[in-house]
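Sequences listed follow chains A, B and C, in order.
FYI, in the numbering used here the residues of the first sequence are 1 to 374.
FYI, in the numbering used here the residues of the second sequence are 1 to 374.
FYI, in the numbering used here the residues of the third sequence are 1 to 374.
First the structure, in the form of structure tokens, and then the observations on it.
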Amino acid sequence: MSKARAPHEWNIAPRTETPTIVSMQVAFTPAEIAAIVQPKSTRGTTTEAIRGIAPLEAGGPGDLSFLGNAKYRSQVAATRASVVLLPVDYAGQPGPNQLFLIVDQPSVALAQICARIEQMLWPKPAPGVHPTAFVGPGARIAATATVGPLCVVESGAVVGERSHLQAQVFVGREARIGDDCWLMPGAIVAAECVLKNRVRLQPGVVVGSDGFGYEFVAGRHEKVPQVGVVVLENDVEIGANSTLDRARFSRTVVGEGTKIDNLVQVAHNVIIGRHCILCALVGISGSTVLEDYVIVGGQAGVAGHLTIGRAAKIGGQSAVTHSVKPNEYVVGYNALPSMIEQRIRALRQRLPDLFKRVDAIEAQMDRLKKSSAP
Amino acid sequence: MSKARAPHEWNIAPRTETPTIVSMQVAFTPAEIAAIVQPKSTRGTTTEAIRGIAPLEAGGPGDLSFLGNAKYRSQVAATRASVVLLPVDYAGQPGPNQLFLIVDQPSVALAQICARIEQMLWPKPAPGVHPTAFVGPGARIAATATVGPLCVVESGAVVGERSHLQAQVFVGREARIGDDCWLMPGAIVAAECVLKNRVRLQPGVVVGSDGFGYEFVAGRHEKVPQVGVVVLENDVEIGANSTLDRARFSRTVVGEGTKIDNLVQVAHNVIIGRHCILCALVGISGSTVLEDYVIVGGQAGVAGHLTIGRAAKIGGQSAVTHSVKPNEYVVGYNALPSMIEQRIRALRQRLPDLFKRVDAIEAQMDRLKKSSAP
Amino acid sequence: MSKARAPHEWNIAPRTETPTIVSMQVAFTPAEIAAIVQPKSTRGTTTEAIRGIAPLEAGGPGDLSFLGNAKYRSQVAATRASVVLLPVDYAGQPGPNQLFLIVDQPSVALAQICARIEQMLWPKPAPGVHPTAFVGPGARIAATATVGPLCVVESGAVVGERSHLQAQVFVGREARIGDDCWLMPGAIVAAECVLKNRVRLQPGVVVGSDGFGYEFVAGRHEKVPQVGVVVLENDVEIGANSTLDRARFSRTVVGEGTKIDNLVQVAHNVIIGRHCILCALVGISGSTVLEDYVIVGGQAGVAGHLTIGRAAKIGGQSAVTHSVKPNEYVVGYNALPSMIEQRIRALRQRLPDLFKRVDAIEAQMDRLKKSSAP
């Protein structure tokens, strides 16, 4: 059997890049790059200013490149990039007018540089409430916060220090947005929901839609009012057009540092732990608990009222109908432990052969019975 | 085999609650609670005002609790909640300063109380068109309706009595919104679509996007114009960021009382019957018909041009590629009747064993043939 | 085995129509219809003005009908529609006051007529920027473009000739919208992203949300800044509430003429070729390449860093974890070539029988061994 890519990797960020050279629209001196990444050591020098980031094979003068994945190691010697981020175990020497920066993790160092670029490219808007925004009575907007054009902040809501409601954002009655949050265009935070600090909502996110709860009475589904809230802890990020339902009563929670991709559904009363990863198009059903460090692959579904243990992994497109133990890795439709599921899938491909073998055995058996008959 | 939770239950509302005590932000006297739920009988009395709702084990003075699921029956005797909703077959007696309210269905009674809380917590806005909203020429807004901040109502559209467009809602040209509808922030109703009465759109819903129809001509996909509409009948509720496409011509329909969860796709010309339930991330392909009382589990998909019979159930993540008979319960990828599918899934886990058994039989067969050879 | 509908057809436009007669709200003379479809030949005449479109069996005087699918051929003789679009191999003659228009592809001819109706029904708005819209400094709006109510166009953005931002649309800083684009209500194009010409965004589309990329450092997921863009080439259409992530750096691309349905997720650095079809609820993971003419069925998922060859087809709800060759048709969970997958699925249904057969063989084997024992 070929070695399949683990489905839980779906949609997690690629560590390498397609070979397109990109202008950074800003320039750094090699010394500025070094100041950002704080290398363990350096080899060589360059006089080029850095204006682009490129994969090793595509890099040229003025580009920064990096060895993010060991399989590209052989490309380092040939790269013409001016500055190259390399791991400590890389032994080679730079070419002329080329600087090697030796760091613990080149991809982390690259992320630090990108973060700096992002800071420069995405200028912090001036604080204040845009004249086209509507802020209801009794809402409190921090003096350092920005409420952009055509936003709505309903009465009694709070927006914390340096938080940024970009444009056309909705913050409902009595909702609380902490400090340093960024709510991108069209993001919606319904009444009474809570975002702590440094929460980032991508465009179109809905926080605090009603949970999906009905009682079936006399042939009709009568709505069970959903009077709880959603709480997003510090450093949570939610992807575009994802939806998080408010609790029936009490709270739906996303724990500190958890990152949720696009088009994910989190039902009412779900409790998601800290530092989890939920890939795109995942659905978590009502009242299920994900403990810390859980990873859920793209398009997977988890039934309601389950507990997914700490650091468990759920493969892409899996359907989880039972609770999962800590550190377990489950895969498949009615998900099984990955080792078992992979085994069964392999055998499933041998089913046509198995049917033929049973046919052959039955035929031989018939012959044997006849020949052994008196 | 363990008894799996039926996949169709995914994402349907939990009937029980995580043990977090919630303040109701309002208070009721025990007499007010009794007036809401109209108990068959009562036992005991309490002088506490009710200010919270809590599960049995977490309830204390001032809390309302309830026995919603028989498996928690043993917790009733120990609960310290001041008021407890109980079924008629519960025989125990209340403690001191405790009131038991005996009702037909405690969870329905709880829903009635929550509905009252919701009414109190979500104040009806004052009627009128907010000065920041834009209403096109010829649009007709009922005098009792509310059009909130930064909404758009295009020309010729109609908004009925007491309907509430909360904020940043879009209602397109010639669309018609009936009475007592609630369109939450960012909801979109495109041109000419129709919402009857008491329709509720959660945030970000799109009603009336174009159906996905192209003719493949000379190597290109040429758009087939979608000139039909979407009609949502009375008491329909649509979940956050779900999308319902307008018909190619004629109508896409969602029947009375049907409830659709978040991130659901309903394609053009689909006809959904009355009182159906569609859980999150479901996709219904073009021209398929769901008869009344159909339930579709989370992340299931139904191919186009099929008929799903009255009260049929489709398990979560199933792929339905054939029509389904009334009352049938189908499950799986190329969905089969649930009984058959569950059987096959169980046998699938025994495949490794089956392969070993066949290997052993073949080996024995070889030995038998040799030993019986002359 | 019954012949299953190919899953890749899910959610692709139906070619036939439910039997509801629809008023076109406009009228055409038979001569005007003929001028639009340019028939190869005609049979008969009618004096009726055409005011509706109807299926063959439902058509009456004043209706246009068509034979779009050979299985309805027998209905042509009985239809009372005044004008009927028919293929060249249809031999029958019209009734009294009835006109047959013989065309190469009746469904294409119908599409041409619908396109004309659409042009008439959806009036082009007057050019200009609505007074309630906000346009940032340095944004350039073509004189023939329309920026509707409550739109935001940030600084430095460009909107091309005749493009239409309908209402509540967001176009971010330095983004570029080409000519003849239509951005429907609530569509979002984030900073620096590029739409070429004739691009159509359905309501709620998000172009340019951040890619989902984190480095796991010291027990936390640290964000990898996503500083690339999204580029949509000419004639791309994106369905309601779909999301397309900007690249880590460089570009996420959707090629010319590709059509994407509702609630689809396209991750960062994905490159989609020309004239592809992606049905609803599909997820394409990071850095994967789809070559031209690829078709992806509804709810299918494709893992990251793969290449899907030209004109390959992926069945609905399939999980693709390996690259796919040009023209290949793959289906299933860990998708296999369709022929193999269909075979295995059929055998899977015979598993209960196979287990019984092996039980019987083992029993016989035991008897044979005993009888052959000395």
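Positions of the beta carbon are idealized from the N, C-alpha and C atoms, including for glycine.
Values in this document were obtained by computation on a predicted structure and should not be read as measured data.
Exercise. Would you call aspartate 210(C) buried or exposed, if buried means 16 or more other Cβ atoms sit within 10 Å of its Cβ?
Worked result: Locating residue 210(C) in the third sequence gives position 210, where the first residue counts as 1. With 16 or more other Cβ atoms within 10 Å, it is buried.
For this session: Taking leucine 101(A) as part of the beta strand (DSSP E), name the residues at either end of that continuous run.
Result: Numbered from 1 along the first sequence, position 101 holds the residue referred to as residue 101(A). Where leucine 101(A) is concerned, the enclosing beta strand (DSSP E) stretches over 98-103.
Exercise. Beta-carbon of proline 225(C) versus every beta-carbon of chain A: anything under 9 Å?
Worked result: Residue mapping note: residue 225(C) aligns to position 225 of the third sequence, counting from 1. Closer than 9 Å: yes.
Exercise. So with Cβ pairs under 9 Å, would you call alanine 70(A) a contact of chain C?
Worked result: Residue mapping note: residue 70(A) aligns to position 70 of the first sequence, counting from 1. By this cut-off, alanine 70(A) is not an interface position.
Problem set entry | Contact between the segment 257-273 of chain C and the segment 237-246 of chain C (3+ Cβ pairs under 8 Å) | With a cut-off of 8 Å, the segment 237-246 of chain C and the segment 257-273 of chain C count as touching, because enough Cβ pairs lie within range.
Exercise. So what does DSSP say about glutamate 32(C), is it helix, strand or coil?
Worked result: On the third sequence, position 32 is the one that residue 32(C) refers to. Three-state result, glutamate 32(C): helix.
Problem set entry | DSSP-derived helix/strand/coil call for arginine 357(C) | By one-based count along the third sequence, residue 357(C) stands at place 357. In this structure, arginine 357(C) counts as helix in the three-state DSSP scheme.
Problem set entry | Proximity test, valine 282(B) beta-carbon vs the ligand HEM heavy atom, cut-off 8 Å | No copy of the ligand HEM appears in this structure; indeed no ligand is present at all.
Exercise. Counting only beta-carbon atoms, is glutamate 222(A) nearer than 9 Å to chain B?
Worked result: Looking up residue 222(A) in the first sequence gives position 222. Taking Cβ atoms only, chain B reaches closer than 9 Å to glutamate 222(A), which makes this a yes.
Exercise. How is the beta strand (DSSP E) around leucine 85(C) delimited, first residue to last?
Worked result: Position 85 of the third sequence holds residue 85(C). Segment 83-87, the beta strand (DSSP E) holding leucine 85(C).
Problem set entry | Cβ neighbours of glutamine 112(B) in the same chain (closer than 7 Å, five flanking residues each side left out) | Taking the first residue of the second sequence as position 1, residue 112(B) is located at position 112. Excluding sequence neighbours, glutamine 112(B) sits near Ile36, Val37.
Problem set entry | Minimum Cβ-Cβ distance from tyrosine 329(A) to chain B less than 9 Å | For this step, residue 329(A) is matched to residue 329 along the first sequence. No - not a single Cβ of chain B is within 9 Å of the one on tyrosine 329(A).
Problem set entry | alanine 149(A) to histidine 130(A) span [Cα, whole Å] | Within the first sequence, residue 149(A) is the residue found at index 149, counting from 1. Within the first sequence, residue 130(A) is the residue found at index 130, counting from 1. Position check: residue 149(A) holds proline in this sequence, whereas alanine was assumed. Between the alpha carbons of proline 149(A) and histidine 130(A) lies a gap of roughly 5 Å.
Exercise. In angstroms, rounded to a whole number, what distance separates the CA positions of valine 289(B) and isoleucine 50(C)?
Worked result: What you label residue 289(B) is simply residue 289 of the second sequence in a count that begins at 1. What you label residue 50(C) is simply residue 50 of the third sequence in a count that begins at 1. Going by the C-alpha atoms only, they are around 29 Å apart.
Problem set entry | For alanine 91(B), the nearest candidate out of Ser82(B), Gln98(B), Asn97(B), Ile102(B) (CA to CA) | Translated into positions along the second sequence, residue 91(B) becomes position 91. Of the listed residues, the one whose Cα sits closest to alanine 91(B) is Ile102(B).
Exercise. Near valine 224(B), which residues of its chain fall below 7 Å by C-beta distance, leaving aside the five closest residues on each side in sequence?
Worked result: As a working note, residue 224(B) is residue 224 in the second sequence. Closer than 7 Å at the Cβ level, and outside the excluded window around valine 224(B), lie Gly213, Tyr214, Glu215, Arg248.
Exercise. Do you know whose CA, among Pro127(B), His268(B), Thr144(B), Lys259(B), lies nearest cysteine 193(B)'s CA?
Worked result: Residue mapping note: residue 193(B) aligns to position 193 of the second sequence, counting from 1. Out of Pro127(B), His268(B), Thr144(B), Lys259(B), His268(B) has the C-alpha closest to the C-alpha of cysteine 193(B).
For this session: Counting only the same chain and skipping the five closest in sequence on each side, list residues whose C-beta sits under 8 Å from that of arginine 310(B).
Result: To locate residue 310(B), count along the second sequence from 1; it is residue 310. So the list reads Gly273, Glu291, Asp292, Tyr293, Val294, Pro326, Asn327, once near-sequence residues are dropped.
Problem set entry | Rounded distance between the beta-carbons of lysine 259(A) and asparagine 234(A), thought under 8 Å | Position 234 of the first sequence holds residue 234(A). Position 259 of the first sequence holds residue 259(A). Actually they are not in contact, since the Cβ atoms of asparagine 234(A) and lysine 259(A) sit about 13 Å apart, beyond 8 Å.
For this session: Using three-state DSSP, classify lysine 325(B) as helix, strand or coil.
Result: Position 325 of the second sequence, counted from the first residue, corresponds to residue 325(B). Coil, per DSSP.
Problem set entry | Nearest candidate by alpha-carbon position, reference arginine 220(C), set Met339(A), Gly257(A), Ala139(A), Gly315(A) | Taking the first residue of the third sequence as 1, we reach residue 220(C) at position 220. Sorting Met339(A), Gly257(A), Ala139(A), Gly315(A) by C-alpha distance to the C-alpha of arginine 220(C) places Gly257(A) at the top.
Problem set entry | Per-residue burial, asparagine 97(B) [other beta carbons within 10 Å of its own, 16 or more giving buried] | Numbered from its first residue, the second sequence carries residue 97(B) at position 97. By the 10 Å Cβ count, asparagine 97(B) comes out exposed.
Exercise. Can you tell me whether arginine 251(B) is buried or exposed, with buried defined as 16 or more other CB within 10 angstroms of its CB?
Worked result: Walking along the second sequence from the start, residue 251(B) turns up at place 251. Arginine 251(B) is buried by the Cβ-count criterion.
Exercise. In angstroms, rounded to a whole number, what distance separates the CA positions of leucine 67(C) and alanine 81(C)?
Worked result: If you number the third sequence from 1, residue 67(C) lands on position 67. If you number the third sequence from 1, residue 81(C) lands on position 81. Leucine 67(C) and alanine 81(C) have their C-alpha atoms some 12 Å from each other.
Problem set entry | Minimum C-alpha distance to lysine 356(A) - residue among Leu306(B), Asp353(B), Glu362(B) | In the first sequence, residue 356(A) corresponds to position 356, counting from 1. Residue Glu362(B) is the option with its Cα nearest to lysine 356(A).
Problem set entry | Minimum Cβ-Cβ distance from glutamine 364(B) to chain C less than 9 Å | Within the second sequence, numbered from 1, the residue matching residue 364(B) stands at position 364. Chain C, which has a Cβ nearer than 9 Å to the Cβ of glutamine 364(B), makes this yes.
Exercise. So which residues on chain A does glutamine 265(C) lean against when the C-beta distance must stay under 7 Å?
Worked result: Locating residue 265(C) in the third sequence gives position 265, where the first residue counts as 1. Residues of chain A passing the Cβ test: Asn262, Leu263, Ala280, Leu281.
Exercise. Does the beta carbon of isoleucine 177(A) sit closer than 9 Å to a beta carbon anywhere in chain C?
Worked result: Start at 1 with the first residue of the first sequence, and residue 177(A) comes out as number 177. Not an interface residue.
Problem set entry | Pairwise C-alpha distance: valine 254(A) and glutamine 75(B) | Residue numbering aside, residue 75(B) sits at position 75 when the second sequence is read from its first letter. Residue numbering aside, residue 254(A) sits at position 254 when the first sequence is read from its first letter. Their backbone Cα atoms lie some 29 Å apart in a straight line.
Problem set entry | Which of helix, strand or coil DSSP assigns to glutamate 362(A) | Mapped onto the first sequence, residue 362(A) falls at position 362. Three-state result, glutamate 362(A): helix.
Exercise. By the criterion of Cβ-Cβ separation under 7 Å, what are the contact partners of proline 149(A) in chain C?
Worked result: Here residue 149(A) refers to the residue found at position 149 when the first sequence is read from its first residue. Within chain C, the residues near proline 149(A) are Phe134, Val152.
Problem set entry | Pairwise C-alpha distance: glycine 316(C) and isoleucine 284(A) | For the purposes of this step, residue 284(A) is taken as the residue at position 284 of the first sequence. For the purposes of this step, residue 316(C) is taken as the residue at position 316 of the third sequence. Whole-angstrom Cα-Cα distance: 21 Å.
For this session: Could you spell out the range, first to last residue, of the beta strand (DSSP E) harbouring serine 41(C)?
Result: The sequence position of residue 41(C) within the third sequence is 41, counting from 1. Taken as a continuous stretch (DSSP letters only), the beta strand (DSSP E) holding serine 41(C) covers 41-45.
Problem set entry | Within-9 Å CB hit, leucine 381(C) to chain A | Nothing in the structure corresponds to residue 381(C), since chain C is present only between 1 and 374.
For this session: Residues of the segment 335-358 of chain A with a CB closer than 9 Å to any CB of chain B: list them in chain order, please.
Result: Within the segment 335-358 of chain A, the residues whose Cβ lies closer than 9 Å to some Cβ of chain B are Leu336, Ile340, Arg343, Ile344, Leu347, Arg348, Arg350, Leu351, Leu354, Arg357, Val358, listed in chain order.
Problem set entry | Three-state class that DSSP yields for lysine 313(A) in the structure shown | Within the first sequence, the letter at position 313 stands for residue 313(A). Residue state, collapsed to three classes: strand.
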